[in-house]
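Q: Mind having a look at this structure? Questions to follow.
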Amino acid sequence: MTEQALDTKVVQIPHNNLQISAYLAQPQAPGSYPGVVVLQEIFGVNEHIREVTARIAELGYVAIAPALFERVAPGFETGYTPADIQVGRKYAWEQTTVSELLSDIQAAIDYLKTLPNVKKDGFGCIGFCFGGHVAYLAATLPDITATASFYGAGIPTRTPGGGTSTITHTSEIKGTIYTFFGKEDASIPPEHIKQITAELEKYNISHRVFSYDGADHGFFCNRRPSYHPQAAADAWEQVQQLFANILAK
18 MTEQALDTKV VQIPHNNLQI SAYLAQPQAP GSYPGVVVLQ EIFGVNEHIR
68 EVTARIAELG YVAIAPALFE RVAPGFETGY TPADIQVGRK YAWEQTTVSE
118 LLSDIQAAID YLKTLPNVKK DGFGCIGFCF GGHVAYLAAT LPDITATASF
168 YGAGIPTRTP GGGTSTITHT SEIKGTIYTF FGKEDASIPP EHIKQITAEL
218 EKYNISHRVF SYDGADHGFF CNRRPSYHPQ AAADAWEQVQ QLFANILAK
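Here it is, written out as structure tokens:
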């Protein structure tokens with residue numbers, strides 16, 4: 018797809034008694050575009066997530082990044098210091114729940130469906146860090162047909178808010194999922210990647226698993242010291258192929 022001139026803005030998604038803030042990026046040109054939901058790291062819908070959302074829209078999608086911490090920390094956006102990480106982790110793992118996260122993601126999809134330039138079926142999802150973990154869960158939503166999960170730590174061992182680990186939901190994944198890991202990522206040991214791969218194979222889920230030599234956690238984010246240009250470039254190519262093959266038919 019050729020890159021598109023964009024309209025970008027912050028929107029409010031009405032959802033029950035909540036207004037979910039979200040960053041929306043869409044091509045300016047008239048047309049009918051597939052929708053993609055972008056799921057944040059623990060740092061909120063920050064500059065990096067907004068940039069990724071815009072990059073996806075430039076390829077010919079309507080992309081939206083809902084604030085996953087809206088209930089506990091409206092407007093939360095932070096940097097990458099150890100203190101920032103501590104706060105973000107608390108919000109992510111202690112103050113969200115799977116049911117609320119999936120409900121909020123579905124609300125974002127439903128919002129996209131109200132836009133006249135969005136195709137009404139076959140949505141994509143991409144997430145990073147905490148969002149990569151949540152993307153694995155979001156892949157179970159019937160509307161999601163293509164998912165890209167970047168370095169989602171803890172999939173075999175935990176789930177947001179506590180409870181049965183996220184990997185136990187693998188059989189519920191409806192479409193295709195690509196997972197991306199760095200081999201130097203201490204938060205995702207090799208045995209976790211093997212477990213995820215084995216479960217995806219066990220349930221015949223359409224998938225690919227990418228593990229990059231020399232790449233650490235956060236390798237896709239060019240604002241973090243762990244940024245790995247080669248791994249990020251290859252992963253981006255894979256994401257484009259995934260979305261083009263499934264969403265842009």
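Just so we're aligned, residue 18 is where the sequence shown starts under the numbering used here, counting upward by one.
Beta carbons are placed, not taken as given, at the ideal position from N, Cα and C, and that holds for glycine.
1. Taking only three categories from DSSP, how would you classify Lys219?
2. Let me confirm a value: Gly180 is counted as buried when at least 16 other C-beta atoms fall within 10 Å, else exposed. Which label applies?
3. Spatial neighbours of Tyr194 within its chain, please: C-beta separation below 6 Å, excluding the five flanking residues on both sides.
4. Going by Cα to Cα distance, which pick from Gln112, Asp233, Gly192 and Ala215 is closest to Gly169?
5. Within the continuous alpha helix (DSSP H) that includes Tyr97, where are the two ends?
6. Does the contact criterion of 3 or more C-beta pairs under 8 Å hold for the segment 126-135 versus the segment 103-111?
7. Starting from the Cα of Gly92, find the closest Cα among Val27, Lys191 and Ala100 and give me that residue.
8. Taking only three categories from DSSP, how would you classify Glu58?
9. Across the segment 231-247 and the segment 32-47, are there enough close Cβ pairs to call them in contact, namely three or more that are closer than 8 Å?
10. Ala71 and Pro44 - do their beta-carbons sit closer together than 8 Å?
11. Shortest alpha-carbon distance to Leu154 belongs to which of Arg175, Leu264, Phe198 and Thr98?
12. Which class does Thr157 belong to by DSSP, given the choice of helix, strand or coil?
13. Starting from Lys130, trace the beta strand (DSSP E) in both directions and tell me its first and last residue.
14. Who are Ser193's beta bridge partners in DSSP?
15. Please list the terminal residues of the continuous beta strand (DSSP E) segment that includes Asp24.
A: Straight from the coordinates:
1. helix
2. So Gly180 ends up on the exposed side.
3. The sequence shown places Ile at residue 194, rather than the Tyr named in the question. Cβ within range, chain order: Ala156, Thr164 and His224.
4. Asp233
5. Per DSSP, Tyr97 belongs to no alpha helix (DSSP H) and is neither H nor E.
6. no
7. Val27
8. strand
9. no
10. no
11. Of the residues Arg175, Leu264, Phe198 and Thr98, the one whose Cα lies closest to the Cα of Leu154 is Arg175.
12. coil
13. That residue, Lys130, is in no beta strand (DSSP E); its alpha helix (DSSP H) goes Val115 to Thr131.
14. Correcting the residue identity first, residue 193 is Thr in this sequence and not Ser. Its beta-bridge partners are Ala163 and Ser223.
15. Leu23 to His32
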